[in-house]
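Enquirer: First residue of the sequence shown: 148, per my numbering; consecutive thereafter.
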Amino acid sequence: MARTALKALYFALSCFCKKYSALIIHVCPDNIFGCTDEAASNFNPIATDDDGSCIFLGCTDEEATNYDPIAQTDDGSCVYPLEPAVNLFFSEYAEGSSNNKYLEIYNPTSDTVSLQYYGFPSVGNSPDNGEGVFEYWNDFPSNAVILPNDIYVIAHPEADASILAYADTTHTYLSNGDDGYALVYGYEPITPTNPESGGYVILDFIGDWNGDPGSGWDVAGESDATKDHTLVRKCSVEEGNDDWLASAGTSAEDSEWLVYDQDTWTYLGSHTSPCDASTVFGCTDTNADNYKAAVAAQGANNFTTRVWWDK
Ligand SMILES: [Ca+2]
Ligand SMILES: [Ca+2]
Ligand SMILES: [Ca+2]
Ligand SMILES: [Ca+2]
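#1: For Leu204 versus Asp222, is the C-beta spacing smaller than 7 Å?
#2: If you measure from the CB of Glu251, is any heavy atom of ligand 4 nearer than 6 Å?
#3: Relative to ligand 2, is the shortest distance from any of its heavy atoms to the C-beta of Asn323 smaller than 6 Å?
#4: Starting from Leu415, follow the beta strand (DSSP E) in both directions and report where the run begins and ends.
#5: Alpha carbon to alpha carbon, what distance is there between Asn285 and Tyr328?
#6: What residue from Pro288, Phe237, Val384 has the CA that sits closest to Asp423's CA?
#7: Quick one: complete alpha helix (DSSP H) runs, 4+ long, within the region 302–359?
#8: Can you give the Cα-Cα distance for Ala447 and Thr212, rounded to whole angstroms?
#9: Out of Leu250, Tyr347, Asp390, which one is the CA nearest neighbour of Ser322?
#10: Leaving out five residues before and five after Asn191 in sequence, what residues of the same chain have Cβ atoms less than 6 Å from its Cβ?
#11: According to the Cβ coordinates, are Thr397 and Gly368 closer than 7 Å?
#12: Taking all protein chains shown into account, do 16 or more other C-beta atoms lie within 10 angstroms of the C-beta of Val300, making it buried, or fewer, making it exposed?
#13: Can you name the residues that DSSP bridges to Leu405?
#14: Could you tell me which residues DSSP puts in a beta bridge with Leu250?
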């Protein structure tokens, strides 16, 4: 009996030892299996042997512009090509006394346009990010739209109540004359860059991003017209212009804009384009030498020796 018991004990001990040594090998393996690819989301820096478990995140939709053929798991980053931009443009701009400032944007189409992929990026004074590159990407509020043949007004939050009555949104940093604003379409670049490399297009400008003009830009031959004036787009202009200097022009004739005195808000809240068939531009002041009885809209607000134009 004792002999049998000893035999059994020996047998149990040897089993334990075998198990124990197997346990040592298992606890302290020479090889550590895991994902060894640093590009993977589950990269294991202590893994010695790749076990095929790597997971690559990215855009997995071939329709997207940033489709990643290596990605296995979609991380929601897909970006899709946009429809062509709708022809929206600046119809009016005011830089008046104190904070009486606004931008008016016109939708000449018969469709309601979502402003989701539009923005109004700007430069304050001289362009800190290099010539032709915005500093601030200003988005419209989410769900903002422009109704057909209607306008959208961005006003300074401390503008006169008569301006705020038309405001669709407010923006604190509107120009004090020398700050360029664009109307753009596309995605905001990860870092500020020009439209060529940034995946967005400039539809229109008031001022530009090419350098501090001093106090303001000249428009239609008026010096510093973007400061302490109101600019109204001529009804004959039917689209934006990414060339601000061409848009501003050098004379009342070649400019796309009518320049009005500081704090002229008469034209805020609506826009006409294309021109009414009956519109005749010219001088409406009967005291002027060049008064024209047929004129429906005056081209500017004085009656000096300017050259006027007829439609
Ligand atoms: Ca001012
Ligand atoms: Ca400024
Ligand atoms: Ca300046
Ligand atoms: Ca207007």
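For each residue, glycine too, the CB sits at the ideal point set by N, CA and C.
Expert: Let me spell this out:
#1: Cβ atoms of Leu204 and Asp222: closer than 7 Å.
#2: With a cut-off of 6 Å, the C-beta of Glu251 is classified as near ligand 4, since at least one heavy atom of the ligand falls inside that distance.
#3: At a cut-off of 6 Å, the beta-carbon of Asn323 counts as near ligand 2: some heavy atom of the ligand is closer than that.
#4: That residue, Leu415, is in no beta strand (DSSP E); it is neither H nor E in DSSP.
#5: The alpha-carbon atoms of Tyr328 and Asn285 are separated by roughly 10 Å.
#6: Closest in alpha carbon position to Asp423, among Pro288, Phe237, Val384, is Val384.
#7: Taken in chain order, the unbroken stretches of alpha helix (DSSP H) that lie wholly in the region 302–359 and span 4 residues or more are 308–311, 342–345.
#8: Below a pLDDT of 50, predicted positions are generally treated as unreliable, and Ala447, at 43, falls in that range; no measurement from the model is reported.
#9: Looking at the Cα atoms, Leu250 is the closest of the given residues.
#10: Closer than 6 Å at the Cβ level, and outside the excluded window around Asn191, lie Gly181, Cys182.
#11: Yes, the pair counts as a contact, with Cβ atoms nearer than the cut-off.
#12: By the neighbour-count criterion, in which 16 or more other beta carbons inside 10 Å mark a residue as buried, Val300 falls on the buried side.
#13: Its beta-bridge partners are Val379.
#14: For Leu250, the pairing in a beta bridge is given by DSSP as Tyr240, Ile301.
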